[in-house]
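Chains as they are written, first to last, in our numbering: chain X, 51 to 301; chain G, 51 to 301.
Quick reminder that beta carbons are idealized off the backbone N, C-alpha and C, glycines included.
Each remark here refers to the structure printed beneath this line.
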DNA sequence: ACGTGTGAAAGTTTTCACAGCG
DNA sequence: CGCTGTGAAAACTTTCACACGT
C-alpha cells in the first residue's frame, strides 16, 4: 500500500499506520465540532462516539501521535485539533486545481470542507471553450491549454480529476509533467503514474456495489440454525476495511 | 466491520472477506472493458494490472468465489463477469433514490456507472419547492414531503444522501422508517441507524487530507541516513486501507 | 477514582511460493 | 510448460485488559 521504498520496518516514531492516518480526518471533524461548541475537553469514549469508532481504537491511534491526553481527565480539544492538523499537514496552505468542471467538479468547487481545511481551490480547468471564463463557485474557469502554466504559477502539488474517464489518463500525465505529485481521481479509470506520485480514487459506483452485495445477503437470511427472533439481525457496522483499493501502477 | 452477527468464523463457503468484496467492483470494471474489446480470456497477471492490484491478491480473491479459471490458460472473461455480477447482486434491479439534488446529487443522477450496473435511479428528492418538477438527468425532481410514498411505491431499499449535513440525520431516519436498509452517505456526518441497516460514507475532503499527509512527508525527505540518490523516492502506492469517509455538500 | 497509554492476544489481510491441473 | 489455486508465513489492524499517572 503505501510508499514503496519508504518501507522501513517502522523505525518507530515516524511510522503512523495507514489505517490510523485514514481516521485522523474523522477525529479532526468531530473535534472541530466540539471546538465550535466551546467544549474544552473530551474523553476517548465521547470522542470515539462522535467519530463513529470505538474508544480503544481511538486511543491506540492517538498513541502513535504522542501522549496528548491527561489520565483521569481526557483530551484538550484545542490542543488535539492543532496536533492532528499539524500531523496531517493542514497547517499549511495547499493550492489545488480541479480539472473537469461538470456537475461533480462544480460540486467540489463549492464544497466548504476544502477551504476550512487548508485547501484552496487555486484554479478550475476545463477543456470546453464554452466553459472558459464562466464563474463557478466564484472562480473563473480556465482553459486546459493553460494547465501547465497554471500549475507552476500557483505552485500546485495536488490535482483533482473530475473529467470523463476517456481523458483522465492524459490529464493525469499533464498534471504530473507539470509538477503535481498527488492526485485525487474521480474518473472510473486506473491511472498510471511514475514513482513518487500518489493517487487516491473515489468511485461512486463501487460504494453502491458494496452496499448491493450486503443488501442481497439480507434478502436470503431466513436460515442460520435456530430461527432468528424478531429483527433481521445485522449491525450498522463501520465501513468495511479497505473501502477501496489501489490506483495506479508503474509508468 | 461488516454485518454483525454474520460473524460466523468463516464456515468456509459463504465467508467472502470484506477486503475482497471491496475489490470485486474493480475487477468487474476491468473485465467489462475487456469484454467490450471482445477479449476472450485473461491471465491473473493481466487482469491484475488492469485493475491495479497484484496478481496473488487477485487469485486469492477469486478463490473465495470458487474455481473459475483454467490452469495454464487463465479466466474466461464473460464467465467471470457473470459470476462476479451475481456475487455482488448486480444481476437484479436495484431502485435507488437520491435525496438532495444539488451539484453532487445531479452529478450522481447523471453518472453512467449506475445504470450500467443494475442500479436504477427511481427518484430524485429535494426539500426545496423550487426544485420540484425540474428535470435532472431526465428525471423530474419530487418534493421530500412524498418521500415515504416514493420509497414504498418503488420498493426502494437503497438510498443516497447528498443533502447538507444539518439535515442528513433526519433524512436518514425517514428513509429507514420508510423501509430503506442501505444508505450511501455523502454528508460529512456520522449517521445513527438501527441494527440491520448498512451505511457507507464517502467524504471528499477526507481523501484530500490523506493526500496532504503524504504530500507533506515528501517535502521533508532529505534525510534517511545515506543521502538518497536522484529521485525523491516513494512509490505510487495502492490506496491506503480504509479508503474513505464522508463528504457532501450543497443542497 | 478515573481515563489514558500500551503490551499482548486475536483477528484480518497480504504476500510468498509451489503443488498440481490442463 | 504455464498459470491457477492455495496452504503457510508475514504483515497489519483491531480488541482486550490493566498498569500507571494525575
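Residue i (DSSP reduced to helix, strand or coil)
i, result
"residue 169(G)", "strand"
"residue 309(G)", "Since the first residue shown for chain G is 51 and the last is 301, residue 309(G) is missing from the structure and cannot be characterised."
"residue 306(G)", "The structure shown does not extend to residue 306(G), since chain G is modelled only from 51 through 301, so no value can be given for it."
"residue 103(G)", "coil"
"residue 71(X)", "helix"
"residue 82(X)", "helix"
"residue 148(X)", "strand"
"residue 234(X)", "strand"
"residue 276(X)", "Only weak support exists for where residue 276(X) lies, its pLDDT of 35 falling under 50; the coordinates are left without a value."
"residue 65(G)", "coil"
"residue 249(G)", "strand"
"residue 119(G)", "strand"
"residue 111(G)", "helix"
"residue 219(G)", "helix"
"residue 228(X)", "coil"
"residue 270(X)", "coil"
"residue 133(G)", "helix"
"residue 140(X)", "coil"
"residue 154(X)", "helix"
"residue 255(X)", "helix"
"residue 282(G)", "Low confidence applies to residue 282(G): its pLDDT is 35, below 50, so where it sits in the model is not reliable, and the reading given next is rough at best. Coil, per DSSP."
"residue 241(G)", "coil"
CB contact flag (residue i, residue j, <8 Å)
i, j, result
"residue 79(G)", "residue 261(X)", "no"
"residue 252(G)", "residue 234(G)", "yes"
"residue 143(X)", "residue 167(X)", "no"
"residue 219(X)", "residue 197(X)", "no"
"residue 161(G)", "residue 254(X)", "yes"
"residue 154(G)", "residue 164(X)", "no"
"residue 194(X)", "residue 175(X)", "yes"
"residue 108(G)", "residue 85(G)", "no"
"residue 73(G)", "residue 111(G)", "yes"
"residue 127(X)", "residue 91(X)", "yes"
"residue 117(G)", "residue 265(X)", "no"
"residue 157(G)", "residue 157(X)", "yes"
"residue 304(G)", "residue 114(G)", "Absent from the model: residue 304(G). The displayed extent of chain G is 51 to 301, so no value can be given."
"residue 47(X)", "residue 256(X)", "This structure cannot speak to residue 47(X), because chain X is shown only from 51 to 301."
"residue 248(X)", "residue 232(X)", "yes"
"residue 105(G)", "residue 98(G)", "yes"
Partner residues on chain X for residue i, Cβ-Cβ distance less than 7 Å
i, result
"residue 206(G)", "Chain X residues near residue 206(G): none, gap ~11 Å exceeds 7 Å."
"residue 259(G)", "75, 138, 140, 167"
"residue 174(G)", "Neighbours of residue 174(G) on chain X: none; closest Cβ ~13 Å, over 7 Å."
"residue 234(G)", "257, 258, 261"
Nearest-angstrom beta carbon gap, residue j and residue i [assumed within contact, 8 Å]
i, j, result
"residue 189(X)", "residue 159(X)", "7 Å"
"residue 82(X)", "residue 131(X)", "6 Å"
"residue 139(X)", "residue 263(G)", "6 Å"
"residue 149(G)", "residue 239(G)", "With a Cβ gap of about 13 Å, residue 149(G) and residue 239(G) do not count as contacting."
"residue 209(X)", "residue 243(X)", "With a Cβ gap of about 11 Å, residue 209(X) and residue 243(X) do not count as contacting."
"residue 200(X)", "residue 237(X)", "Residue 200(X) to residue 237(X), Cβ: 20 Å. No contact."
8 Å Cβ cut-off: residues of chain X touching residue i
i, result
"residue 268(G)", "231, 246"
"residue 238(G)", "79, 163"
"residue 154(G)", "153, 154, 157"
Chain-ordered neighbours of residue i on chain G, where CB pairs are closer than 7 Å
i, result
"residue 43(X)", "The requested residue 43(X) does not occur in the structure, where chain X is confined to residues 51 to 301."
"residue 158(X)", "254"
"residue 250(X)", "257, 260, 261, 289"
Neighbouring residues, chain G, relative to residue i (Cβ below 9 Å)
i, result
"residue 100(X)", "240"
Practice problem: Run through the stretch 160-213 of chain X for me and flag every whole alpha helix (DSSP H) of 4 or more residues, listed as ranges in chain order. | Solution: Runs found: 162-165, 197-204.
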